[in-house]
Structure formats: structure tokens, C-alpha cells
């Protein structure tokens, strides 16, 4: 559910730090209709051209300043993923995505207190890296 | 004594999330449509709740100062599974809700809707705060977690025991469906590829005056005839289709004195000016006959089932539903 919220259009690009491409990044709205602390994000998964990136390579930030791995996020209760602010996701990968078109799939799973099943959303986009 | 219409800002969530309408735009929209009251999910449209920054509060005050529509209800959630390895303790639950009561008071709300499944043990420790801050706490009665749900029944039992004007219920009319929303069925058929026979199977219960809850046995296993045709692609529909319940209005007789507020669910206003699934004139007549004095808030959820390539129609649907409610209330109250 909330698949339409997943993977903000035109958000995927390579991450450049100090002139070096250290990976790629993308943004997503929440698979829910309200904000939750980052500890209530069950899973973020990224596939590029059908291949899943290593879980450990993923870090997320609610405000673009402080970044957490998925394991660290399980205890992050004071940073909220706001409803109208996309979560920033970075994938550490030397050189980032190669030039040209890629099929990128993003999966987001959040949990809620009163719905017994976590809310799972998936969306794919064709991304062009210049 | 009067029934007053309101709008839950939940109805305009897609406009808000995608930045087409700010909170200020939404309030202006309510005033343009002469909506007397509004309901908000603080977690949806205000940042950093239940402890927003002074800046966020100042912005709220600025918008409220020029808005005619009155704050009626704040929809509060309880993150009992904040951590993935344990449930919150009773103390943690109560402490979180105390913060929500204080915030509601600061924002100008006198009513909090507690989401379904909030445990009954919070009531007694919260009452002193509810009284001090003049904020009533009311559990939502929602399809799928309605009167027969053990947690809901326990809350109601405790609510009656404490018998305080500061504790009550909010009823969501998704329990009063005469048929399953057509927009939900069409989305499932056209976008998710759900087997039309499965959809027909659920719809057929309503022809017999029943609802989709009868597609499952008491252990919530699918009835054999449904299990025989259900495939994985049909499951998202099957899991939600019993959430449109067909309960007689008389289920409210016993709890009317405790009802503080209503969510008037909206999935589709038809060209005839009625809600496709729910007979609102019938419900409003019932509430009038029972002497209900309070708000009924449009909660549009058809936004989830807009077919790809079609425009979002949150504003149009809300305005049409408000017109229906305004006219029906005027007619009934004379």
C-alpha cells in the first residue's frame, strides 16, 4: 500500500563528496499517512537493474544532516520522518551508478501500532545518469 | 442542540504531501466552503509533534488567527511498537499521551481521537490531565476493530466504569456501509489485477444484507469457497475488503451518550450527490432523533483509489460531501 508515495520522481542521482562519486542517492515519501520516528521503519531495500544492493551500504536521513544505517535506525526515536518531507537514502558504492539508464527499485516498509501487518510499498523507476 | 459539519484534513493529504496545498491553503479552502470545524492529524501536518518547535507553533497561531473554521478534533496515535524488540510499558504509553493532551490544548482542541487499539489502561491515569487541560479523550470505533474487538470492548467497559465527561468514543461510519466502495473495487481490478470473481464474491454478501466479514471464519481463515479461488495477487483486496462493514445503526443505541464525534467516511460522491457506499441521510436522521449534539467530519479516503492517469479530486470530493451534509442537516433540523 502507498506504493505511489515510494521513490520520489527525479530524485535519484550520484552522490558527490569532495569531487568524488561515493555512491548514489534517492528520496521517498512515507508508506503511511503520518510521520513516524525512524525506529519504526522496518526496511529499506534498493535494487539496481535487478540486483539488490547490500543492506549495510544503505544510510538514511530524515533531514539531510544526520545519517543512520538501517541497524542504527532501530533505536532512533527522536528523529521523525515527516509526512511531507521525503526520506533521503544513500547507497555507498564507489563510482556510483554508471552513465546511462538504470532500472532502480525501492522498497519501503514501515510498521504501525494498530495495523498488525507492516505497510510495504514498492516502486521502480527508470533512472538516467548523465 | 445541533449537528455540525466538519472536515478532517486527512481528506486533503495528497494535496498536502505533494506540496500543492499548504496548511494555510487548506484552511482558506475550508473557509471558502464555509466549513464550521476541522480535524487534524498533528503527526501528518505539523512537524515535530507532540513537541513542535516554537516556530511551528507561531506559524499555527498565525494561520488560526485568520481562519474561521474551528479546531474540533486532533487525531492521536500511540506508537506502542516504537521499538522493534518490545512493546512500550504502561508508563511510556501514558507519558506519550500526556504530551498529546498538552499539545491538543496548545493548538486549541478540546477533543483527542485515540486510534483504535489504544489500551484501556491509559484512561484512568490520563483523566487528571484531560480535566486539567480540558481535553476529552475518545477511542475510535473503526471497521476491522469495532465493537466486537476485545481491545475495543475492554476500553468501552473501562470508559463506562470511570464514567467521566472527559472519556468517550469517536465513531467512524465505515462500519455502516451498504456496499463496498466502487472506486476500491475498480482500482483493485484494473490496477492490481484482482480476479473479478473474488470481488463479486465479496459484493454478494451485501446483496444478502451481510458484509465481507462473512468471508472469514471465527479464526479469520478464508471460507473454503474463497480460499479455492484466491491467488497471491488477490490478497491485497481480500485483506481490505472486510474493512467495509455493514452494521445496523442500532449498534450505537447503547453508547450514544459517550459519542463525542463522528468520522463520516467518504470514498466516492456520485453524480447524484450521494456517497456511493454510505446512506448519510439515514445516519443524520438517526443522530438527530437521538439528540446528537456535535460535529460530523468528512474523512475522504477515495484518494487511495484514484486510477492512474486521473487527477486527484480531494477538494472536489470534500466539497461535494460537505454540500450533501449541509443540506441534509438543514432538511432534518428544519
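Chains as they are written, first to last, in our numbering: chain A, 460 to 589; chain B, 3 to 336.
Glycine residues also receive a C-beta, built at the ideal position from the N, C-alpha and C atoms.
So residue 38 of chain B and residue 71 of chain B are in contact, right, with Cβ under 8 angstroms, and what is the actual spacing, rounded?
6 angstroms
Excluding the five sequence neighbours on either side, which residues of its own chain have a C-beta within less than 7 angstroms of the C-beta of residue 189 of chain B, listed in chain order?
307, 309
Taking only beta-carbon atoms, is residue 161 of chain B less than 7 angstroms away from chain A?
no
Ordered list of beta strand (DSSP E) runs contained in the segment 529-556 of chain A, each at least 3 residues:
546-551
Contact with chain A by residue 83 of chain B, beta-carbon distance below 7 angstroms
yes
So for residue 493 of chain A, helix, strand or coil by DSSP?
coil
So what does DSSP say about residue 205 of chain B, is it helix, strand or coil?
helix
Grouping DSSP H, G and I as helix and E and B as strand, with all else coil, what is residue 512 of chain A?
coil
Within-7 angstroms CB hit, residue 45 of chain B to chain A:
yes
Hey, does residue 498 of chain A have any beta-carbon neighbour from chain B nearer than 7 angstroms?
yes
Which residues bound the alpha helix (DSSP H) around residue 108 of chain B?
92-109
Which value, in whole angstroms, describes the spacing of the CA atoms of residue 297 of chain B and residue 473 of chain A?
51 angstroms
Starting from the beta carbon of residue 96 of chain B, find every residue of chain A whose beta carbon is closer than 8 angstroms, and list them in chain order.
Within chain A, no residue comes near residue 96 of chain B; the closest Cβ sits about 15 angstroms away, beyond 8 angstroms.
For residue 486 of chain A and residue 313 of chain B, what's the separation of their Cα atoms in angstroms?
23 angstroms
Using a beta-carbon distance below 7 angstroms, is residue 15 of chain B in contact with chain A?
yes
Where does residue 497 of chain A land, buried or exposed, given buried means 16+ other C-beta within 10 angstroms?
buried
Out of B:194, B:175, B:214, which has the shortest C-alpha to C-alpha gap to residue 202 of chain B?
B:214
Indicate whether at least one CB of chain A lies closer than 7 angstroms to the CB of residue 118 of chain B.
yes
Continuous alpha helix (DSSP H) assignments of at least 4 residues falling wholly in the segment 100-161 of chain B:
125-135
Nearest to residue 317 of chain B (by Cα), restricted to the options B:120, B:303, B:259:
B:303
Residue 249 of chain B versus B:229, B:113, B:240, B:281, residue with shortest Cα-Cα distance
B:281
Just the Cα atoms here: how many angstroms apart are residue 470 of chain A and residue 484 of chain A?
8 angstroms
Residue 567 of chain A in three-state terms, based on DSSP
strand
CB contact below 7 angstroms: residue 564 of chain A versus chain B
no
Rounded separation between residue 76 of chain B and residue 289 of chain B - CA only:
22 angstroms
For residue 567 of chain A and residue 465 of chain A, which I take to be in contact (beta-carbon distance under 8 angstroms), what is that distance rounded to the nearest angstrom?
5 angstroms
Which value, in whole angstroms, describes the spacing of the CA atoms of residue 65 of chain B and residue 26 of chain B?
6 angstroms
Kindly indicate which residue of B:78, B:42, B:33, B:171 has the alpha-carbon position closest to the one of residue 11 of chain B.
B:42
Are at least three pairs of beta-carbons, each pair with one atom in the segment 173-183 of chain B and one in the segment 267-285 of chain B, less than 8 angstroms apart?
yes
What is the DSSP secondary structure of residue 299 of chain B, counted as helix, strand or coil?
strand
In whole angstroms, give me the CA-to-CA distance for residue 52 of chain B and residue 117 of chain B.
15 angstroms
Can you list, in chain order, the residues of its chain with a C-beta nearer than 8 angstroms to that of residue 270 of chain B? Leave out the 5 residues immediately preceding and following it.
183, 184, 185, 277, 278, 279, 304, 319
If contact means a Cβ-Cβ distance below 8 angstroms, which residues of the segment 45-60 of chain B contact chain A?
45, 46, 47, 49, 50, 51
What number of angstroms, rounded off, separates the C-alpha of residue 123 of chain B from the C-alpha of residue 135 of chain B?
20 angstroms
Determine, using beta carbons only, whether residue 224 of chain B comes closer than 7 angstroms to chain A.
no
Proximal chain B residues relative to residue 548 of chain A, where beta-carbon distance stays under 7 angstroms
Chain B residues near residue 548 of chain A: none, gap ~18 angstroms exceeds 7 angstroms.
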